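Engineer: Submitted below is the structure of interest, expressed as structure tokens.
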Amino acid sequence: MNTIIKFTSIFFLGLSLSLTSCSTDDDGGDSASGEGNLTAKVDGKAYKSMPAATTAQESSSANIEIITISGGSADSENIQITIIGFEGVGTYNLNAASLGTYTYLKDKSDFMSAQIFSTATGASSNGEIKIAEYTKGESVKGTFSFTGYLTSDTTKKVVVSEGDFNVKIK
């Protein structure tokens, strides 16, 4: 189980880093950078994403809709929420299937120092996300809160509260 949690967390860390990259492709096309805002409190401390590092991405697999909302900060932090089985406006539990993560770099010059806190503990819910407004292919807005557990030592946790986002979908 611990291996699955680590693999899932590393996958989502990689996804979040690719979604928040700010470079353009060689033919001058759109960059992967986003547009929007994501704020929260992480263990009571204010968190605010950079607009260019805030994005939402839609996809589907075997007729299952997925949406990922991600916001990276100037301090090498990232909050990411992925809803599997997304059906639009509504409330979704965050757990091992629909995942909430908070990640930061212990050493900002070393990506391998990532500290990943995740809702993937086997519990039915470690938080929730409420989608208040959604327009397919355009934007998503809502609130969230969750408790994330350090994937390498689940005795350590962070509480992400008062989360709020309004993001354009890429």
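Those letters in the sequence shown? Residues -23 to -1, 1 to 147, per mature numbering (1 follows the signal peptide of the UniProt record, and there is no 0), in order. Glycine is no exception: its CB is placed at the ideal position from the N, C-alpha and C atoms. Nothing here was measured: the structure is a model prediction, and the numbers come from that model.
1) Label E110 either buried or exposed according to how many other C-beta atoms from any shown protein chain fall within 10 Å of its C-beta, with 16 as the threshold for buried.
2) Heavy atom of the ligand ZN less than 7 angstroms from the Cβ of S102, yes or no?
3) Quick one: give me the first and last residue of the beta strand (DSSP E) that L71 is part of.
4) Using the Cα positions of I134 and T96, report the straight-line distance between them to the nearest angstrom.
5) To the nearest angstrom, how far is it from the Cα of G125 to the Cα of A17?
6) Leaving out the 5 sequence neighbours to the left and right, which residues in its chain are closer than 6 angstroms to T80 when beta-carbon positions are compared?
7) Are the Cβ atoms of I58 and I43 separated by less than 8 angstroms?
8) My assumption, with CB atoms under 8 angstroms, is that G49 sits in contact with P28. Please give the rounded CB distance.
9) Taking the alpha-carbon positions, what's the S38 to F123 distance?
10) Check each candidate in G114, G21, E139, K107 and name the one with the smallest Cα separation from G67.
11) Tell me whether E105 is buried or exposed, calling it buried when 16 or more other Cβ atoms sit within 10 Å of its Cβ.
12) Beta-carbon of V117 versus every beta-carbon of chain C: anything under 8 angstroms?
13) Answer with buried or exposed for K22, where buried requires no fewer than 16 other C-beta atoms within 10 angstroms of its C-beta.
14) Beta strand (DSSP E) containing E105: first to last residue?
Structural biologist: For this structure:
1) Burial call: exposed.
2) Questions concerning the ligand ZN fall outside what the structure shown contains, since it holds no ligand whatsoever.
3) Neither: L71 is in no beta strand (DSSP E) and is coded neither H nor E.
4) The sequence shown places Lys at residue 134, not Ile. The straight-line gap from Cα to Cα measures roughly 10 angstroms.
5) Distance between the alpha carbons of G125 and A17: 14 angstroms.
6) Residues of the same chain with a CB within less than 6 angstroms of the CB of T80, apart from the 5 flanking positions on each side, are L(-11), N55, A91, I93 in chain order.
7) In this structure, I43 does not lie closer than 8 angstroms to I58 by Cβ.
8) So it is not a contact: roughly 10 angstroms between Cβ atoms.
9) Distance between the alpha carbons of S38 and F123 is about 26 angstroms.
10) In terms of CA proximity to G67, K107 leads the group G114, G21, E139, K107.
11) When all chains shown are included, E105 counts as buried.
12) Looking for chain C here will not work: only one protein chain is present.
13) By the 10 Å Cβ count, K22 comes out exposed.
14) Per DSSP, the continuous beta strand (DSSP E) segment holding E105 begins and ends at 104 to 112.
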